[in-house]
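These notes concern the structure reproduced below.
Below you can see the structure in the form of structure tokens.
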């Protein structure tokens, strides 16, 4: 086996007389690269927020920093907790998980708080919780289970259709909130899981064709016959990156401002001289456009550093896809990896003016409890896959 | 291990699975490559450009307009000052977006401002065509009530601002209205003029008169406050302040008392007319007026087309026209001293040559008669001027026909071309010549070629000749001093502290050689015409305490009553001032123009004429 050599790495002896705290939480058994990338990213996120949001909330310079730190700590705890569990148990719980996800997403239609014309979150005592963020992870866990479970039922075509239906149903629910960006993430996770599961290439060709047809209908035909599917601002956002605008109300303007912010950072950044992101030219700078803040404040060096951490994260995640002890782990890890890749590319691309504005957070960088928690939990699952693979190699279970 | 069902065991990495994972990895690689290259392009290759854009974004320059300099008369009396006014302006780019929202906003604005919606639209449209980027001024002098209302309801009126602006204030009403010219926003054509290269849309410049002519002094320099703003344009701190530099003051050569006296004198007849009073030593214009006149403050408010029409229409006498510099009139007998100068200097006449005036001469079958059928007997040049013998000067015209001496000397003395006064509106006038008329004849614009009769008519200021009072004043001054002056109404530029920045003293355009004996003969004739019994204006100037030399003129204009002229040099024999007056349809020179000139000179010398009897009875 190509990964057999990994087991030669020196490791603490299990059941040693006095395990350290690090040992007790399992850090030595995790994928250190993945852990480093995750911790580095959340650390840099907090550092960036310290600099960028000092004057955002009058009288409380650390409003966002404090909250993001709490989310980070909660996320880390959640991640460590998940690493202790064999993810394979989630396969059995797939129906429950799937129901929980659909229920959670549906609940916002009833109890959700509206923000900027969209109901995406519940108000909890300390923060507003966005079920669709956690839903991404739940979808990967449930769908992977369904794929394995249904592998012998029906023709290949029926199976593909069933998986697609299972994945795209919650995506449609999210789309109706409306949250176009997150619904696209759901779709990407679905596609990734069935891709890794080995669905036929011809089916993918059909799916691609269907997607092209859908885009045509949504962007061209539906508005033409007077029943637009997308809200005006959504369509504008999706198409505006090809035609920047000078109107501050337009999405194209925001994107152009983000581009100016990043460009003006040059090689080493403008630090406190940053104006684009400090004077509100770039909207949503602590959430969706945080990469513009990094680009302006820390320049190419800072942005490249963050991208390197993401590259490390995705490299380790992809590696875990190949290491998993069972197909379920492979599919779950594949879904999570695709989710991370998609979010990073779309979010950074949006700030760089090469992707449309879709409101997708940058994992572990953007401010926001739901996103940070969900991403940490996803990484916890990846770590669990990794650790279970290590254990199966050794043929033992030390926990 | 638990949970390991047979179908759950991951198969050996099949080649299909490896391919799929490799594809994902490849996708990730491409994705990061794209992002890195894009980042490199934005930050390293185009960083300078984006940095400039970022700076551009956050810095707003708020222009602080400078008050224009004041215009004062030669004694320092302020004629044109400034006052501040609150102007209601609309910034087209910042108006409510969307057709409906914009219509609603404009309707609300119409309601609160008292302007009609139609008028607002028209103003905006007009301005949009001229200068799309400048704010549109809808109304000046808005009430504080409206200002407060707009401030309280700012959210309902995006793009509507009330700006404090400087507005010209004319302290003496219509006094010297024709000289100042109006001030207005620079238009797109003017913006390209190098004269206005530091200006931006919305700046005000002088459009006419001395406001135009001395604009670069009067204008001042706008200041600028550079502020850092956020994306909504809210100020976030000042970066630098450059205080506006008020314009320099312009001191005119005009004496407001004389100006007032002149305007009153020519206005007394209720007829269109004009006057000029000029210092013959240096070309300083002491007074210049034209009736009918207008209120210059009309231009400080947006003017309607019908208002403007009434200022330039023939029906209302075109009050906007300055007849002193743009009138195109035959001059009548006031031309005779010019004819005399030409005849003497060209050797066609001597100062003592006796000439027998039989009351008429016949040339080419046409008989030219003295006005009123007078017969003056044997006379010399001074007497011919005193009694204004037409036959004498007809003969001079006849003698000079074919030599162009009369045309040459007329032009040399400053007729037939603009005097070069520091006012933008000035006409050339016309001295008819054989070449001119023959060209018109060839072009079939007239029914006959040049003939001796044309020169005969020109010799007495009738026919095709056209001149304005300013040109006549310059010509008389040239006869008396030998210098063709460049008249000017600007005297000096003073800075706001009162220091002289620049004196305005243009040199004479040229000197003309006139034998002193000729000059003496002509001036003595003019003196006799004014102040010796039998002179044409003796009844007006006979009792005037200062010796003067003046000539009446009664110009025939087709389809109109005769035009009254008077040009006078004073004091005789060493004149300091020349006054030229013309009253359209005023009749004989001695009836309208001469009394007006007398009033102006009374003001100048601070003296009053005593009534006399005698003199020729309105005959020329």
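Chains as they are written, first to last, in this note's numbering: chain Z, 1 to 399; chain B, 1001 to 1620. Quick reminder that beta carbons are idealized off the backbone N, C-alpha and C, glycines included. Small disclaimer: the values here were computed from a predicted structure and weren't measured.
Report the partner residues of residue i according to the DSSP bridge assignment.
i: residue 1249 (chain B); result: B:1494
i: residue 1071 (chain B); result: B:1080 and B:1250
i: residue 1090 (chain B); result: B:1136 and B:1160
i: residue 1275 (chain B); result: B:1289 and B:1581
i: residue 1379 (chain B); result: B:1355
i: residue 1430 (chain B); result: B:1466
i: residue 1551 (chain B); result: B:1567
i: residue 1503 (chain B); result: B:1492
i: residue 1367 (chain B); result: B:1362
i: residue 260 (chain Z); result: According to DSSP, residue 260 (chain Z) bridges with nothing at all.
i: residue 1204 (chain B); result: B:1185
i: residue 123 (chain Z); result: Z:128
Based on Cα-Cα distance, which residue from the options lies nearest to residue i?
i: residue 1203 (chain B); options: B:1338, B:1136, B:1150 and B:1155; result: B:1136
i: residue 1092 (chain B); options: B:1119, B:1124, B:1068 and B:1099; result: B:1124
i: residue 1492 (chain B); options: B:1061, B:1059, B:1252 and B:1119; result: B:1252
i: residue 1431 (chain B); options: B:1565, B:1446, B:1462 and B:1371; result: B:1462
i: residue 351 (chain Z); options: Z:190, Z:96, Z:93 and Z:253; result: Z:253
i: residue 1579 (chain B); options: B:1591, B:1588, B:1595 and B:1587; result: B:1595
i: residue 1090 (chain B); options: B:1309, B:1150, B:1027 and B:1177; result: B:1150
i: residue 1019 (chain B); options: Z:373, Z:217 and Z:200; result: Z:200
i: residue 1367 (chain B); options: B:1453, B:1599, B:1433 and B:1444; result: B:1453
i: residue 1547 (chain B); options: B:1112, B:1524, B:1272 and B:1447; result: B:1524
i: residue 358 (chain Z); options: Z:211, Z:216, Z:76 and Z:231; result: Z:231
i: residue 1598 (chain B); options: B:1163, B:1533, B:1275 and B:1385; result: B:1275
i: residue 174 (chain Z); options: Z:72, Z:275, Z:78 and Z:106; result: Z:106
Does the ligand FAD have a heavy atom nearer than 7 Å to the CB of residue i?
i: residue 1055 (chain B); result: Summarising the ligand content, the structure contains no ligands, and the ligand FAD is consequently not present.
Going along chain B, which residues have a C-beta under 8 Å from residue i?
i: residue 304 (chain Z); result: 1036 and 1039
i: residue 333 (chain Z); result: Result: empty, since nearest Cβ-Cβ is about 10 Å, beyond 8 Å.
i: residue 350 (chain Z); result: In chain order: nothing, as chain B lies at least about 11 Å away.
i: residue 387 (chain Z); result: Residues of chain B passing the Cβ test: none, with the nearest at roughly 13 Å.
i: residue 275 (chain Z); result: 1054, 1055, 1057, 1058 and 1228
When you compare the CB positions of residue i and residue j, do they come within less than 8 Å of one another, or not?
i: residue 1096 (chain B); j: residue 1158 (chain B); result: yes
i: residue 1214 (chain B); j: residue 1490 (chain B); result: yes
i: residue 1487 (chain B); j: residue 1283 (chain B); result: yes
i: residue 1585 (chain B); j: residue 1332 (chain B); result: no
i: residue 1224 (chain B); j: residue 1058 (chain B); result: no
i: residue 30 (chain Z); j: residue 386 (chain Z); result: yes
i: residue 1139 (chain B); j: residue 1106 (chain B); result: no
i: residue 1211 (chain B); j: residue 1249 (chain B); result: no
i: residue 1071 (chain B); j: residue 1287 (chain B); result: no
i: residue 1329 (chain B); j: residue 1592 (chain B); result: no
i: residue 1341 (chain B); j: residue 1518 (chain B); result: yes
i: residue 197 (chain Z); j: residue 147 (chain Z); result: yes
Going along chain B, which residues have a C-beta under 9 Å from residue i?
i: residue 267 (chain Z); result: 1043, 1044 and 1047
i: residue 41 (chain Z); result: Under the 9 Å cutoff, chain B gives no residues; its nearest Cβ is about 15 Å from residue 41 (chain Z).
i: residue 354 (chain Z); result: 1034, 1035 and 1038
i: residue 295 (chain Z); result: 1039, 1042 and 1043
Which chain Z residues sit within Cβ distance under 7 Å of residue i?
i: residue 1016 (chain B); result: 198
i: residue 1622 (chain B); result: Because chain B in this structure spans residues 1001 to 1620, residue 1622 (chain B) falls outside the shown range and cannot be described.
i: residue 1032 (chain B); result: 307 and 311
i: residue 1025 (chain B); result: 318
i: residue 1028 (chain B); result: 314, 318 and 341
Determine, for residue i, whether the minimum Cβ-Cβ distance to residues of chain A falls below 8 Å.
i: residue 365 (chain Z); result: No chain A appears in the structure shown, which is made up of the protein chains Z and B.
By the criterion of Cβ-Cβ separation under 8 Å, what are the contact partners of residue i in chain Z?
i: residue 1053 (chain B); result: 260, 263 and 264
i: residue 1167 (chain B); result: Going along chain Z, no residue has its Cβ under 8 Å from residue 1167 (chain B), so there is no contact; the nearest lies around 34 Å.
What residues from chain B crowd round residue i, counting only those whose CB sits closer than 7 Å?
i: residue 252 (chain Z); result: Those do not exist, as residue 252 (chain Z) stays about 14 Å from chain B at its closest Cβ, beyond 7 Å.
Checklist entry - Any chance the segment 94-105 of chain Z sits against the segment 164-173 of chain Z, with 3 or more Cβ pairs inside 8 Å? => result yes
Next on the checklist: Count Cβ pairs between the segment 303-322 of chain Z and the segment 74-87 of chain Z that sit closer than 8 Å; are there 3 or more?
Outcome noted: no
Next on the checklist: Contact between the segment 1385-1398 of chain B and the segment 1408-1426 of chain B is defined here as three or more beta-carbon pairs at a separation below 8 Å; is this criterion met?
Outcome noted: no
Checklist entry - Any contact of the segment 1304-1323 of chain B with the segment 1500-1513 of chain B, i.e. 3+ C-beta pairs under 8 Å? => result no
Checklist entry - Taking contact to mean at least 3 C-beta pairs separated by less than 8 Å, is the segment 1395-1404 of chain B in contact with the segment 1348-1360 of chain B? => result yes
Checklist entry - Would you call the segment 291-303 of chain Z and the segment 59-67 of chain Z touching, i.e. three or more CB-CB distances under 8 Å? => result no
Item to check | the segment 124-144 of chain Z / the segment 310-318 of chain Z touching (three or more Cβ pairs under 8 Å) | outcome: no
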